[in-house]
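Written below as structure tokens is the structure these notes are about.
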Amino acid sequence: MAIPAGILHYLESGDAVTHAVAYVLLAMSVASWCFLLVKAWVLVRAKRQGPAALAAFWRAATLDDGIAALRATDKERVFAPLAEAARDADAASRTEPRALAARVERGERVLRALRHALRTSQRRLEFGQVLLASIGSTAPFVGLLGTVWGIYHALGSIAASGQAQIENVAGPVGEALIMTAFGLVVAIPAVLAYNILGRLVRQLVEELDGFARDLHVFVCGEPAATPAATPAATPAATA
Numbered sequence: 000m001a002i003p004a005g006i007l008h009y010l011e012s013g014d015a016v017t018h019a020v021a022y023v024l025l026a027m028s029v030a031s032w033c034f035l036l037v038k039a040w041v042l043v044r045a046k047r048q049g050p051a052a053l054a055a056f057w058r059a060a061t062l063d064d065g066i067a068a069l070r071a072t073d074k075e076r077v078f079a080p081l082a083e084a085a086r087d088a089d090a091a092s093r094t095e096p097r098a099l100a101a102r103v104e105r106g107e108r109v110l111r112a113l114r115h116a117l118r119t120s121q122r123r124l125e126f127g128q129v130l131l132a133s134i135g136s137t138a139p140f141v142g143l144l145g146t147v148w149g150i151y152h153a154l155g156s157i158a159a160s161g162q163a164q165i166e167n168v169a170g171p172v173g174e175a176l177i178m179t180a181f182g183l184v185v186a187i188p189a190v191l192a193y194n195i196l197g198r199l200v201r202q203l204v205e206e207l208d209g210f211a212r213d214l215h216v217f218v219c220g221e222p223a224a225t226p227a228a229t230p231a232a233t234p235a236a237t238a
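Each residue of the sequence shown is one higher than the last, beginning at 0 in numbering that gives the first Met the number 0.
Here it is in structure tokens:
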């Protein structure tokens, strides 16, 4: 695909600021596309593996067998850390009767372990979302900076040449507007990816929250109040 002549002329006639803005936008575009492709692969894979992994866990005869089944089917390790945390907290409360932590009620200890594991999993799922949000919100302004600087540079050159006819102004100004378009081209995919991936994250966190509650009932024999009381874990409305 050939680069339009206007863009080439704009870059060739631009100064260090023009080139810096173009390189920053290019780096933003590459970073956002690489991240969103990798992140989408991970989240979609985790979403597809979730039902099979949970079904394999609940079919197991013991908790250890269930964890082994999760490790085999949950390749992204989304659900397995919760089961491991519940098992370890329950085992610690039984094997450390003299420890200070053991004085906490067994159900509360398991609840704390599940809450910590759930928050850790949530942070892993949300990793990189800030990058997409930052690119989506700042790329248009970076492009606008390039446009403003390009127009200033073009008008200065026209004033120095003394040829202020409309045909001499329209070309350089139009070329400078390319940077605004470039910024929008970078920002729009990042914003769309942020919203779509954010929805997948919320759905997975909702499934994790339900799994944590079931684990608490299974291990302690009583329902948990709220294993994960974090605002970010609020499930999105299903379409």
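Glycine included, C-beta positions come from ideal geometry on N, C-alpha and C.
### Task
Compute the minimum distance between the beta carbon of Gly182 and the heavy atoms of the ligand MN, and state whether it is under 8 Å.
Judged by which ligands are present, the structure shown has none, so any question about the ligand MN falls away.
#### Entry: For Leu207, the three-state DSSP class (helix, strand or coil)
helix
### Query
By how many angstroms is the C-alpha of Arg58 removed from the C-alpha of Phe34?
36 Å
### Task
Using the Cα positions of Glu125 and Phe210, report the straight-line distance between them to the nearest angstrom.
19 Å
### Message
With H, G and I counted as helix, E and B as strand and the rest as coil, what does DSSP make of Arg198?
### Response
Helix.
#### Entry: CA-to-CA distance, Ala79 to His215, given in whole angstroms
Roughly 14 Å between the two C-alpha positions.
### Query
Cα separation between Val172 and Leu25?
21 Å
### Secondary structure of Arg311, DSSP reduced to three states
Outside the displayed range of the chain (0 to 238) lies residue 311, so it cannot be described from this structure.
### Message
Rounded to whole angstroms, what is the Cα-Cα separation between Arg44 and Glu75?
### Response
8 Å
#### Entry: Cα-Cα separation, Ala19 to Leu176
16 Å
### Task
Go through its chain and collect everything with a Cβ distance to Ala51's Cβ below 7 Å, but skip five positions before and after it.
Thr72
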